[in-house]
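Some notes on the structure that comes next.
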Amino acid sequence: MGTSSRRWRCRSCGYIYDEALGLPEQDIAPGTRFEDVPEEAFYCPDCGTEKQDFELMDY
Amino acid sequence: MALELTLAETVINAQAYADGDRVDAAFRRIRTEAPLDVAELEGFDPFWVVSRHADIKDIERQPDLFHNGDRSTFMSSRENEAKVKALTGGDPNLIRSLVSLDGQEHKDLRGILFPHLTPRAIRPLEEQVRKIAREFVDHMLAKGSECDFAMDVAFLYPLRVIMTVLGVPQEDEPFMLKLTQELFSNADPELNRSGKEQTPEEILKSLWETTMELEAYFGAVTKRFRENPSTEVNSLIANAKVNGEYLNHRQIMGYYIIAATAGHDTTSNTTAGAMWALAERPELLGQMQADPSLISAFVEESIRWVVPVKHFMRSAVADCEIGGKRIAAGDWLMLCYQSGNRDETVFDTPFDFRLDRGTNPQIAFGYGVHVCLGQHLARMEMRILWEELFTRLKSVELAGTPSRTISNFVCGPKHVPIRFTAQ
C-alpha cells in the first residue's frame, strides 16, 4: 500500500478504518481501499455506524 | 489555579441544570476563561472540568488511559463514594453496568448486545416501532387541543419501545418508569422516591432501595428466560456467557438495569426537549412537512440541544497531557457534554436550534468505545415518531411554561405543555 494507504474515521465514535490494516474480523483484507469495502456488509466495529458515516482523515 | 468557586459549584448544581440558562452561562465562561481546570469543592475530591468538545473526544478515545470504573462514574461526594464502596464490597458504583466497566470486561459485555443494536440489526423493528408511534400520536390527538407532551407522550413512547425490545410486559411499564425516575431524578422531589428534598445521605439510601427493587424484579426475569429462551434482549442478557460462564450477579443486574432505564429515559428527555424547541419555533413544522428529509436533522439537533446525559466521570490511569494541561495519574475528570455541545469552536451559533448544520458533530451519545450502545435505536424511534406526528399535525405552540427535572446527571424537560391543532 505504501503512501497511498488512507484512513477513514467513524463520525460517531472515532474508530479509524486504516486501509493498510483492513478489518479481518469482517473479512476485509489488509490493503482494501475504503471505496472497495462492501457497503451492505461493513459497519463500525465499535459502534455499528455504517459506511456512509465515515469521513476521510487528512493524510 | 483552581476554577472559580461559583463556576465549580454551578457545574454540579442540579438546580442549575433545571434552570438551563444558568448552567449554559457558566459553561460559556468556563470555555472562554478556564476550559480545562480543576474544581475544588468542599466534600468532593478535586476534579477537572472538561468543557471543550475536542478535549472530551480526546479523553473518550483513550479508554486505556482514562478509566470509567476506577472511581464513581458520575459526580459523587467523597463521603457517598466511600459509602457505596462499603455497600458493594469495594466497587465505587452502586450499579455495575456498561458505563462503569473498562477493558476486556467492558468489551465482552458490550459485545453481547452490540450485534443486535447496529442500524442493520434494528431495521426489521421499524414497522413495529411505527405501530407504537401511531398509537401514541392517536393518544395525543385524542386529548383534543392541549397536552403535556413530556408526561403524555415523551416519557411513555420510548418506554413502550424499549420494553417491547427487552421483553418486559406492558403491565410492568409504570413500575419501570417509576424506578427509572427514582434512579435518575433523585434530586427532584416531584420524581424521586421520597417525594421530598433529600440530603445526600437520603439520596444514597433511596438509590440503594431502588436498586434492590430492580434486582428483585430482574431476578425473576433471569429465571424465566433461562427456562424459556427467546430473541428478546432480556433473554440475550439472561443467557449470555463469557468464557463459558453466565454473567455474575452484579454484571447481569447492571446490564438489565441500564437497558431498562437509560434505554428510554435519555430518548424521552430528548423527545420532550425536541417538542419544546419546535413549539417555540413553529415555522420548523412547515419546513419539515414540506421536506421530510429534514426530520433526521431535527432529531440530531434535538440530541445536541437537550444533551440528556449531562456528564460522566473518568479517572486517569497514568500521567498525560490533555488540551495543553498536565493530568496526573489518579486525577478525576468531569466530561461536560452540555458544554461540549455548545462549543463555539465547533458549532456556529450554538445557542440557536438549527436544521442546517449538515453533519452535526454532537457528542451527547459520548465518543469512543463507550459511545451509547442504543444510539441507533434512539435515532430511529425519534425519527419515526416525528414522521408519524408531523403528517397529522397542523400547528403547535407552547401552552404554558415548560420545566426541567432537577438533576445534574441524566435529565431533561419534565413538563412541556403544548397547544396544537390536527390536520
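Chains A and U supply the protein sequences, listed in that same order.
Oh and the first sequence: position 45 is 45 in the working numbering, straight run, nothing missing.
Oh and the second sequence: position 169 is 1169 in the working numbering, straight run, nothing missing.
C-beta atoms are modelled at their ideal positions from N, C-alpha and C, and glycine is treated no differently.
Secondary structure at residue i, three-state DSSP: helix, strand or coil?
i	result
threonine 1421 of chain U	strand
serine 1426 of chain U	Residue 1426 of chain U is absent from the model: chain U starts at 1001 and stops at 1423.
proline 1402 of chain U	coil
tyrosine 17 of chain A	strand
glycine 48 of chain A	coil
lysine 1325 of chain U	strand
alanine 41 of chain A	coil
isoleucine 28 of chain A	strand
aspartate 1343 of chain U	coil
leucine 1003 of chain U	coil
valine 1307 of chain U	coil
alanine 1016 of chain U	helix
methionine 1 of chain A	Because the pLDDT at methionine 1 of chain A is just 44, under 50, the model does not fix this residue reliably, and the point stays unresolved.
Residue i: which of the options sits nearest, CA to CA?
i	options	result
serine 1407 of chain U	U/Glu1040, U/Gln1181, U/Leu1398 and U/His1139	U/Gln1181
arginine 1120 of chain U	A/Arg33, A/Thr49 and A/Arg7	A/Thr49
serine 12 of chain A	U/Leu1398, U/Ala1364 and U/Ser1403	U/Ala1364
valine 1129 of chain U	U/Ala1274, U/Leu1159 and U/Thr1118	U/Leu1159
histidine 1376 of chain U	U/Leu1117, U/Met1001 and U/Glu1042	U/Leu1117
phenylalanine 1218 of chain U	U/Leu1204, U/Val1233 and U/Lys1205	U/Val1233
valine 1023 of chain U	U/Arg1342, U/Val1369 and U/Gly1400	U/Arg1342
arginine 1419 of chain U	U/Ala1142, U/Asn1093, U/His1106 and U/Asp1091	U/Ala1142
leucine 1389 of chain U	U/Glu1135, U/Gly1167 and U/Arg1281	U/Glu1135
glycine 1330 of chain U	U/Thr1266, U/Gln1015 and U/Gly1069	U/Gly1069
aspartate 1356 of chain U	U/Val1306, U/Phe1298 and U/Trp1305	U/Phe1298
isoleucine 1056 of chain U	U/Ile1257, U/Ser1206, U/Lys1178 and U/His1311	U/His1311
cysteine 1336 of chain U	U/Leu1003, U/Phe1044, U/Ala1277 and U/Ile1012	U/Ile1012
proline 45 of chain A	A/Ala20, A/Arg6 and A/Ile28	A/Ile28
histidine 1067 of chain U	U/Lys1085, U/Glu1105 and U/Asp1045	U/Glu1105
methionine 1075 of chain U	U/Val1396, U/Asp1019 and U/Phe1184	U/Phe1184
alanine 1399 of chain U	U/His1415, U/Phe1044 and U/Phe1409	U/His1415
asparagine 1186 of chain U	U/Thr1199, U/Glu1213, U/Thr1391 and U/Glu1004	U/Thr1199
serine 1077 of chain U	U/Glu1201, U/Glu1126 and U/Ala1220	U/Glu1201
arginine 1224 of chain U	U/Ala1238, U/Lys1083 and U/Glu1213	U/Ala1238
aspartate 1108 of chain U	U/Val1371, U/Ala1240, U/Thr1266 and U/Ile1327	U/Ala1240
Tell me the DSSP bridge mates of residue i?
i	result
glutamate 1105 of chain U	None; glutamate 1105 of chain U has no bridge partner.
serine 1315 of chain U	U/His1067 and U/Trp1332
alanine 1039 of chain U	U/Phe1047
serine 1395 of chain U	U/Thr1421
proline 1413 of chain U	U/Arg1404
tryptophan 8 of chain A	A/Tyr17 and A/Leu56
glutamate 1079 of chain U	Note: glutamate 1079 of chain U sits in no beta bridge, so no partner.
valine 1371 of chain U	Answer is none; valine 1371 of chain U lacks a bridge partner.
glutamate 1009 of chain U	Note: glutamate 1009 of chain U sits in no beta bridge, so no partner.
leucine 23 of chain A	A/Ile28
valine 1242 of chain U	U/Glu1245
glutamate 1146 of chain U	U/Arg1419
Starting from residue i, find everything on chain A with Cβ-Cβ shorter than 8 Å and list it in chain order.
i	result
phenylalanine 1114 of chain U	Gly48
For residue i, which residues in chain A fall below 7 Å Cβ to Cβ?
i	result
threonine 1118 of chain U	Tyr43 and Gly48
Whose Cβ in chain A lies nearer than 9 Å to the Cβ of residue i?
i	result
threonine 1345 of chain U	What threonine 1345 of chain U touches in chain A: nothing, since even the nearest Cβ is about 18 Å away.
threonine 1359 of chain U	Arg11, Asp53 and Glu55
Cβ of residue i versus every heavy atom of the ligand ZN: is any distance shorter than 7 Å?
i	result
alanine 1290 of chain U	For the structure depicted, the ligand ZN is absent and the ligand set is empty, with no information on it obtainable.
Give the residues from the stretch 1363-1378 of chain U that approach chain A closer than 9 Å (Cβ to any Cβ), ordered along the chain.
-> Per Cβ criterion, the list reads Phe1365, Gly1366, Tyr1367, Gly1368, Val1369, His1370, Val1371, Cys1372, Leu1373, Gln1375 and His1376.
Contact list for the stretch 1135-1161 of chain U against chain A, Cβ threshold 8 Å: Only those residues of the stretch 1135-1161 of chain U whose C-beta falls short of 8 Å from the nearest C-beta of chain A would be listed, and there are none.
query = Closer than 7 Å, Cβ to any Cβ of chain U: which residues of the stretch 8-37 of chain A, in chain order?
reply = Taking 7 Å as the Cβ-Cβ cut-off against chain U, the residues of the stretch 8-37 of chain A that qualify are Arg11, Ser12, Cys13 and Gly14.
Checklist line | Residues of the stretch 1054-1072 of chain U with Cβ closer than 7 Å to any Cβ of chain A, in chain order | finding: Cβ contacts with chain A: Lys1057 and Arg1061.
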